[in-house]
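Using full-length UniProt numbering, read the sequence shown as starting at 1 and increasing by one per residue.
We put the CB at the ideal spot given by N, CA and C, even for glycine.
Note that the structure is predicted; figures quoted are calculated from it, not measured.
Structure first, then comments.
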Amino acid sequence: LTTVAQRADIALVLLDMILPDTHGLQVLQQLQRTRPELPVVMLSGLGSESDVVVGLEMGADDYIAKPFSSRVVVARVKA
1 LTTVAQRADI ALVLLDMILP DTHGLQVLQQ LQRTRPELPV VMLSGLGSES
51 DVVVGLEMGA DDYIAKPFSS RVVVARVKA
């Protein structure tokens, strides 16, 4: 997170919900405080309706549930 906060050349974050030492929603909250203009796309195996809604309500710009194809991810990022 320190790197993302310090580097203006980072234009997008792809973020998983389940991370080794923390939860993706906690990272999302920190990103919202430090770089609110930075787009965040959640990529996750947690794909229930409530997971998607919570991720979007907490500030993610998009939420893509696994399984997904890399072509779909690239197309959505470009959009």
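Q: List the whole-angstrom C-beta distance separating residue 28 from residue 40, where the pair is believed to meet the contact cut-off of C-beta under 8 Å.
A: 6 Å
Q. What is the DSSP secondary structure of residue 21, reduced to helix, strand or coil?
A. coil
Q: Could you tell me which residues DSSP pairs with residue 64 in its beta bridges?
A: 43
Q: With a 10 Å radius around its C-beta and 16 neighbouring C-beta atoms as the bar for buried, classify residue 48 as buried or exposed.
A: exposed
Q | Minimum C-alpha distance to residue 79 - residue among 8, 61 and 67 | A | Selected option, being the one with the closest Cα: 61.
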